[in-house]
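Sequential numbering of the sequence shown, starting at 261, is according to our numbering.
Heads up, the beta-carbon is just placed ideally off N, CA and C, and yes, glycines get one too.
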Amino acid sequence: MHSFFAQAAAGSHTPTTPDFWHSGAMGYMLDGGIFMWPILLLAILGMGIVIERFRTLWMVGADSSALRAQVLQLLHDGRVDEAMELCANSRGPVPAILTVGLRRYELLRKLNYDPARIEEQVDKAMDEYSVHITAALEKHLPLLAMISNVAPMLGSAGTVVGMVVLFKGIVEKFGTENIILTAADGIKLKLIVTIWGLVVAIPAYMFYNHFSTVVNRYMLEAEETASQLIEALTFKLAGEPVESSPGVARRAAK
């Protein structure tokens, strides 16, 4: 009877909750080994980049068709200063491209440059500035691509190193333990590193492709806007109304 109560008392002090350090996500982190920590850092960094890019690209993603129509109309009316002010008060790659082109046009016109020279310089100014716009839109995207490549490499490296250590331990324990069970349990733990590397890399790769597609769309729109502005300036410098250009008239009417 005394032995029974002693066993019951001992059982009553057994913890009913799992150990925090060896269960759940923390348990996986410790079981996976040292390579889990750089993967965790890459996951945090990638999440920050995704949130920042979503916010930035959303802010510059406003529809610019109405703005382009207004700018072309103001240009036709000879109100270049108002057109530049309108673009300066708007955000996105299209207003930025228009601002650069209009500023260069106004400056060269005041300096009495040759019309052909003005067109050339305006086109060159917008081309040069488009490089800076692309760099701003693609900010941090190379880092996101690096995360999508490095995370699975770290996972594979962690698994390989863990397997080497595991098999070394199996050799040392040969004849004293069930080698098959020991190997199966150890391999399962070491594969955790590979799994988490892929869990981090796959979303990073998907978001990188998504952001790259969005940036390409914005830049194509900016290039189309630059072409429209050059076309409008060509007719204006030739002394013809901007609407005389069928392409500009059609797009401005949209």
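Using a Cβ distance threshold of 7 Å, I357 and T494 do not count as a contacting pair.
Rounded to whole angstroms, the Cβ separation of L332 and A492 is 5 Å, and the two are in contact under 8 Å. One thing to note: L368 has its Cβ no nearer than 7 Å to the Cβ of I309. I407 is positioned such that its CB atom lies no closer than 7 Å to that of L301. Counted as a single uninterrupted DSSP element, the alpha helix (DSSP H) harbouring D341 occupies residues V340 to A348.
Between G338 and V460 the beta-carbon gap is near 56 Å, outside 8 Å, which marks them as no contact.
Judged by DSSP secondary structure, H336 falls within the alpha helix (DSSP H) whose first and last residues are S325 to H336. Leaving aside the five residues that flank I455 on each side, the residues in its chain whose CB is nearer than 8 Å to its CB run, in chain order, G415.
By the beta-carbon neighbour count (other beta carbons within 10 angstroms, threshold 16), T473 is exposed. A straight-line Cα-Cα distance of about 7 Å links L458 and A411.
The count of Cβ pairs closer than 8 Å, one atom from the region 384-393 and one from the region 347-362, reaches three, so the stretches are in contact. Taking C-alpha positions only, S324 is separated from V360 by approximately 16 Å.
The Cβ neighbour count for L397, taken over all protein chains shown within 10 Å, is at least 16; the residue is labelled buried. H470 sits in a helix when the DSSP states are folded into three classes. Nearest neighbour of P402 by Cα position, chosen from E481, R315, L334 and F467, turns out to be F467. Looking from the CA of A417, the closest CA among I452, L335 and I304 belongs to I452. In the DSSP assignment, F314 falls within the unbroken alpha helix (DSSP H) covering M296 to M319.
In this structure, the straight-line span from the alpha carbon of E388 to that of M413 is close to 38 Å. Under the three-state reduction of DSSP, D374 is assigned to coil, being neither helix nor strand.
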